[in-house]
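Notes follow the structure.
2 protein chains.
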Amino acid sequence: MKVPVYILGFLKRYGPLHGYRLKRLVADMVSDFTQIKLPTIYYHLEKMEEKGLVTAERKQEGRRPERSVYSITKKGEREFLALLRDTLAVRYRPEFQIDAPLFFFDSMDPADIVASLREQEKHCSDVLDHLEAHREEVMQHIPPEARRIAGLMFQHHSLHYRAELEWLQDSLRELDR
Amino acid sequence: MKVPVYILGFLKRYGPLHGYRLKRLVADMVSDFTQIKLPTIYYHLEKMEEKGLVTAERKQEGRRPERSVYSITKKGEREFLALLRDTLAVRYRPEFQIDAPLFFFDSMDPADIVASLREQEKHCSDVLDHLEAHREEVMQHIPPEARRIAGLMFQHHSLHYRAELEWLQDSLRELDR
DNA sequence: GCACATATAATCAGTATTGAATAATCATGA
DNA sequence: TCATGATTATTCAATACTGATTATATGTGC
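Order-wise, the sequence lines are chains S and R. In case it helps, the working numbering puts the first sequence at residues 251 to 427. In case it helps, the working numbering puts the second sequence at residues 251 to 427.
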């Protein structure tokens, strides 16, 4: 799910592009946040062509072998927006990855973004509460000598959820301007 | 890679277990941090049996249909420790997930843990520096009207790396005691 | 006593991802 | 000039993951 969003987003913003070019764009621009392997890109380009989200054109340049250059279609643009919305709306997010929607924020409806961020905000504070409660429950099943250390796992998650919450609040303020 | 660590760890700590029981343990104890689907568990149990990391025994209880109960082998225990080390040592970690090693910290050599956490600490502050520098570079390729918003993506990552750093320092202090 | 939901248990077919292999071109410097 | 390594570009086989399906067992209210 993550991969198609990126491909469609890059094709929309910088397209038309061929597979290898796409991979380099991803590497140059979002490699801090996500990794996408070349075969994965080719795989999805093919799938998306079948679905009519992109069209391929065989191009010859110089003496180089032919290559397929892809463009996003109208249908692809609609799908892109739908995927962005879905990605941003996901609830269970223990990896804290919302990089694609952030990267393509400008393609989204600001009202949708704000609504979604507020939901995430609610969700995060719920998780923080739940984490405290669940922690005790889980600890009972962990051998006593491992408990002190296992506690670090909950600590780890708490700190990240707090960071997420902080970011959501910053972003909502920023979007308000 | 994540899944086998959990399976081996649970078999070591609570085993012998059958597939469904494993899935429930994962759901009860680490569902805040990771999700593992049933078919994935069955898939890996089979793979790991082939590799000799676990042994299966068909068991009949009451009128219930037979089911395979798995135990960890000596080889499996060695593999478990190796996997824990590898997982903790991973450098590129944009998801901030180190839940398995944390959960099974008590199985690891404290010296290894400290060494690895110190490495992570170094890595995190490197990333924070790099993020600042890379940010400007990336921004040049982003359409001006999208920049303010795309900046939130870097902000998001910075905050999480700072949270990670904070946790690493807390943990090193805690392990020192 | 029996309908209906939920829990237990496993499998399968379809989808996604990765490591490895292939092959051509380009840059370089000895 | 020509060998060597890096870059460009794609494909394939193997591996991993998921949604959907199947099937039995157990508990619950009526």
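Every residue, glycine too, gets a C-beta built ideally from N, C-alpha and C. Computed from a predicted model, the values in this text were never measured in an experiment.
For residue i, the three-state DSSP class (helix, strand or coil)
| i | result |
| --- | --- |
| S/E307 | strand |
| S/S321 | strand |
| R/H391 | coil |
Anticipated Cβ contact below 8 Å, residue i with residue j, distance rounded
| i | j | result |
| --- | --- | --- |
| R/R413 | S/H407 | Per the sequence presented here, residue 413 of chain R reads as Ala, with Arg not at that position. The pair is not a contact, with the Cβ atoms about 10 Å apart (cut-off 8 Å). |
| S/L402 | R/L267 | About 25 Å separates the two Cβ atoms, so there is no contact after all. |
| R/T337 | R/V280 | So it is not a contact: roughly 14 Å between Cβ atoms. |
| S/K252 | S/A350 | 6 Å |
| R/F230 | S/E345 | The displayed coordinates of chain R run from 251 to 427. Any statement about residue 230 of chain R would go beyond what the structure contains. |
| R/I392 | R/A383 | About 16 Å separates the two Cβ atoms, so there is no contact after all. |
| S/K309 | S/E299 | Contact doesn't hold; Cβ gap of about 15 Å is too wide. |
| R/C374 | R/L333 | Actually they do not touch by this definition, with Cβ atoms about 22 Å apart. |
| S/D359 | R/E395 | Their Cβ separation, rounded to whole angstroms, is 15 Å, which puts S/D359 and R/E395 out of contact at 8 Å. |
| R/Q405 | S/Y342 | That pair is no contact at about 23 Å. |
| S/L425 | S/V364 | 6 Å |
| S/L258 | S/G326 | 6 Å |
| S/L331 | S/V304 | The pair is not a contact, with the Cβ atoms about 15 Å apart (cut-off 8 Å). |
| R/R335 | R/D362 | 6 Å |
Buried versus exposed, by CB contacts within 10 Å (16 or more), residue i
| i | result |
| --- | --- |
| R/Q390 | exposed |
| R/G329 | A small fix is needed here, since residue 329 of chain R is Glu in this sequence, not Gly. By the neighbour-count rule (16 or more Cβ atoms within 10 Å), R/E329 is buried. |
| S/D282 | buried |
| S/A339 | exposed |
| S/G302 | exposed |
Cβ-heavy atom distance, residue i to the ligand HEM, below 7 Å
| i | result |
| --- | --- |
| R/E387 | In terms of ligand content, the structure shown is empty, and the ligand HEM therefore cannot be addressed. |
**Request:** With 7 Å as the C-beta to C-beta threshold (strictly closer), list the residues of the region 265 to 283 of chain R near chain S in chain order.
**Result:** The region 265 to 283 of chain R vs chain S, Cβ under 7 Å: M279, D282 and F283.
**Prompt:** If contact means a Cβ-Cβ distance below 7 Å, which residues of the region 396 to 407 of chain R contact chain S?
**Reply:** A396, I399, A400, L402, M403, Q405, H406 and H407
**Prompt:** Can you find at least 3 beta carbon pairs, one from the region 316 to 325 of chain S and one from the region 256 to 266 of chain S, that sit closer than 8 Å?
**Reply:** yes
**Message:** With a threshold of 8 Å, are at least 3 pairs of Cβ atoms found where one atom belongs to the region 360 to 378 of chain R and the other to the region 356 to 372 of chain S?
**Reply:** no
**Prompt:** Just by C-beta distance, which residues in the region 356 to 381 of chain S are closer than 7 Å to chain R?
**Reply:** D356 and L381
**Where the region 410 to 421 of chain S meets chain R: residues whose CB sits under 8 Å from a CB there** = H410, R412, A413, E414, E416, W417, D420 and S421
**Asked** Between the region 324 to 351 of chain R and chain S, which residues of the former have CB atoms less than 8 Å from a CB of the latter, in chain order?
**Response** Sequence-ordered contacts of the region 324 to 351 of chain R with chain S read Y342, P344, E345, F346, Q347, I348 and D349 [C-beta pairs closer than 8 Å].
**Prompt:** In chain order, what residues of the region 292 to 307 of chain S put their CB closer than 8 Å to some CB of chain R?
**Reply:** none
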